[in-house]
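*Asks:*
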Amino acid sequence: MRKQNRELTYYIGTSLDGYIAGPNDEVEPLMVFADVLEAIKEEWPETLPSFARESFGIADAPNTHFDTLVMGRRTYDPGLAMGVTSPYAHLEQYVFTRSLGADTDKDVNFVDRDPLELVRELKAREGKGIWLCGGANLASALISEIDQIIVKRYPVLFGGGIPMFAGAYEPTAFTLADNRVFESGAAIQTYRKA
């Protein structure tokens with residue numbers, strides 16, 4: 001029996017109006033919901049940066065859903081600006097960039113190639129799921145390969161900023177598989193490709 005391919009999950013936090021960051025990459029308004037953070041620590045610990053896992057005392061928590069991460073350069077940059085060159089050391093990391101290379105960090109795969117091609121190769125390998133960490137341009141490039149979207153939707157309006165997807169009009173149907181609402185008003189919604 002052939003093992004099913006790994007899945008690509010776009011796991012992302014958004015404002016009520018669908019922005020993953022403000023116009024200047026602000027994400028702080030999405031990081032103030034303690035009940036959601038507790039759920040993340042328990043259910044998706046691998047989606048926390050390595051330094052956060054250490055500070056929360058869960059550095060050794062097993063990766064429950066993902067063992068591989070793909071992200072765009074703009075998603076990688078805020079950590080790099082703080083001197084964090086391997087933000088998710090507990091995962092196999094791929095950063096799409098035209099300017100950074102292995103000399104930035106030997107534990108991060110800096111790639112300048114077709115994202116669809118790489119993700120298809122990763123899906124064919126053995127392992128846990130693949131986390132699409134962001135951003136909007138990479139998500140748009142990978143729409144055809146996204147199997148699942150998990151949206152942490154926070155009760156905050158941005159009014160502008162970086163949307164979940166920033167590409168061409170490409171309607172793609174998904175079905176709601178789970179909707180978990182928290183006391184804070186935040187929700188984690190899981191959508192599966194239809």
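Its first residue numbered 1, the sequence shown is counted upward by one per residue in the numbering used here. A virtual CB, placed ideally from N, CA and C, is assigned to each residue, including glycine.
Can you tell me the Cα-Cα spacing of residue 22 and residue 161, whole angstroms?
*Replies:* By one-based count along the sequence shown, residue 22 stands at place 22. By one-based count along the sequence shown, residue 161 stands at place 161. If you take the alpha carbons of residue 22 and residue 161, they lie about 4 Å apart.
*Asks:* Quick check on residue 58: does DSSP put it in helix, strand or coil?
*Replies:* Stepping through the sequence shown from its first residue, residue 58 is reached at position 58. Three-state DSSP puts residue 58 in coil, outside helix and strand.
*Asks:* Considering residue 119, what are the terminal residues of the alpha helix (DSSP H) in which it resides?
*Replies:* On the sequence shown, residue 119 is found 119 positions in, with the first residue counted as 1. Unbroken alpha helix (DSSP H) run through residue 119: 115-124.
*Asks:* Might you give, ordered along the chain, the residues of its own chain that have their beta carbon closer than 6 Å to the beta carbon of residue 70, omitting 5 neighbours on each side?
*Replies:* Taking the sequence shown and counting its residues from 1, the one referred to as residue 70 is at position 70. Correct list, in chain order: 94, 132.
*Asks:* Does the distance from the CB of residue 173 to the CB of residue 181 come in under 9 Å?
*Replies:* Reading the sequence shown from its first residue, position 173 is the one you call residue 173. Reading the sequence shown from its first residue, position 181 is the one you call residue 181. No. Outside cutoff.
*Asks:* I'd like to confirm the pairing. Which residues does DSSP put opposite residue 175 in its beta bridges?
*Replies:* Mapped onto the sequence shown, residue 175 falls at position 175. Answer by DSSP bridge pairing, in chain order: 192.
*Asks:* With DSSP as the reference, label residue 73 as helix, strand or coil.
*Replies:* By 1-based counting over the sequence shown, the position of residue 73 is 73. Residue state, collapsed to three classes: helix.
*Asks:* Any idea what DSSP makes of residue 36, helix, strand or coil?
*Replies:* As a first step, residue 36 is located in the sequence shown; it is residue number 36 there, counting from the start. In the structure shown, residue 36 sits in a helix (DSSP, three-state: H, G or I).
*Asks:* Could you please give the first and the last residue of the uninterrupted beta strand (DSSP E) stretch that includes residue 138?
*Replies:* Numbered from its first residue, the sequence shown carries residue 138 at position 138. No beta strand (DSSP E) contains residue 138, which is instead part of the alpha helix (DSSP H) from 136-141.
*Asks:* If you measure between the beta carbons of residue 85 and residue 108, is that distance less than 9 Å?
*Replies:* Residue numbering aside, residue 85 sits at position 85 when the sequence shown is read from its first letter. Residue numbering aside, residue 108 sits at position 108 when the sequence shown is read from its first letter. Result yes, Cβ atoms of residue 85 and residue 108 sit closer than 9 Å.
*Asks:* Is residue 1 helix, strand or coil by DSSP?
*Replies:* Position 1 of the sequence shown, counted from the first residue, corresponds to residue 1. For residue 1, the predicted model reports a pLDDT of 42, less than 50, meaning its position is unreliable and no value from the coordinates is stated.
*Asks:* Where residue 163 and residue 14 are concerned, what is the direct C-alpha to C-alpha distance, given to the nearest angstrom?
*Replies:* Locating residue 163 in the sequence shown gives position 163, where the first residue counts as 1. Locating residue 14 in the sequence shown gives position 14, where the first residue counts as 1. Answer to the nearest angstrom: the Cα atoms are 8 Å apart.
*Asks:* Give the single residue among 75, 127, 98 whose Cα lies nearest to the Cα of residue 5.
*Replies:* Reading the sequence shown from its first residue, position 5 is the one you call residue 5. Among 75, 127, 98, the Cα nearest to that of residue 5 belongs to 127.
*Asks:* Taking DSSP as the reference, what is the three-state secondary structure of residue 215?
*Replies:* Outside the displayed range of the chain (1 to 194) lies residue 215, so it cannot be described from this structure.
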